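Take a look at the structure below.
In my numbering, the protein residues as written are 16 to 187.
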């Protein structure tokens, strides 16, 4: 085993698969503003929309529901808000529920005041305590507003994959 090395520092970086590297290099050749109407801009827009559809298929979502951001912090800042504009009205979210093992941008609660952020415990394997989540949501006072649950599907540091299908069933 001498000379074989295992890379275990996957905190915010990881070795690229060859197919991912090839896709990135190909994308770098499409250097244009995807909002422009010229041929290069349209090519860039097509590439983005193809990738959007690919990502949607991976997570069983509609392509129009896939939004690209620069990272977790921007995504959390964009989405973790007590007030959501839906249609012509505002929907009030009175409490945010996050897993104790989530990214700091989720633990910080985005635009939610700290007093309105509830941390759900995790087990020894880093899996959210689904019983605690169910109990917390069962005790949520919807007269004050709706609950918002934000839990990592896969932890970027530990690799733990949450049972999102079971979490979604509890949230519904």
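Every residue gets a Cβ at the ideal spot worked out from N, C-alpha and C, and that includes glycine. Being a predicted model, the structure only gives us computed values, none of them experimental.
* Could you tell me if the beta carbon of residue 110 falls within a distance shorter than 7 Å of some heavy atom in the ligand ATP? => With respect to the ligand ATP, the structure shown offers nothing to examine, as it has no ligands at all.
* Asked: Once you ignore the five residues that flank residue 181 on each side, which residues in its own chain have a CB closer than 7 Å to its CB?
  -> As a first step, residue 181 must be located in the chain shown, where it is residue number 166. Only 145 meet the Cβ criterion.
* To do: Could you tell me whether the stretch 70-79 touches the stretch 134-149, using the rule of 3 or more Cβ pairs below 8 Å?
  => no
* To do: Specify whether the stretch 34-45 and the stretch 54-74 touch according to this definition: at least 3 beta carbon pairs, one from each stretch, less than 8 Å apart.
  => yes
* Asked: residue 177 by DSSP, collapsed to three states: which one?
  -> Numbered from 1 along the chain shown, position 162 holds the residue referred to as residue 177. Coil, per DSSP.
* To do: Can you tell me which of 87, 127, 25 puts its alpha carbon nearest to the alpha carbon of residue 161?
  => Position 146 of the chain shown, counted from the start, is the residue given in the question as residue 161. Per the Cα distances, 127.
* **Any 3 or more C-beta pairs closer than 8 Å across the stretch 77-89 and the stretch 129-142** => no
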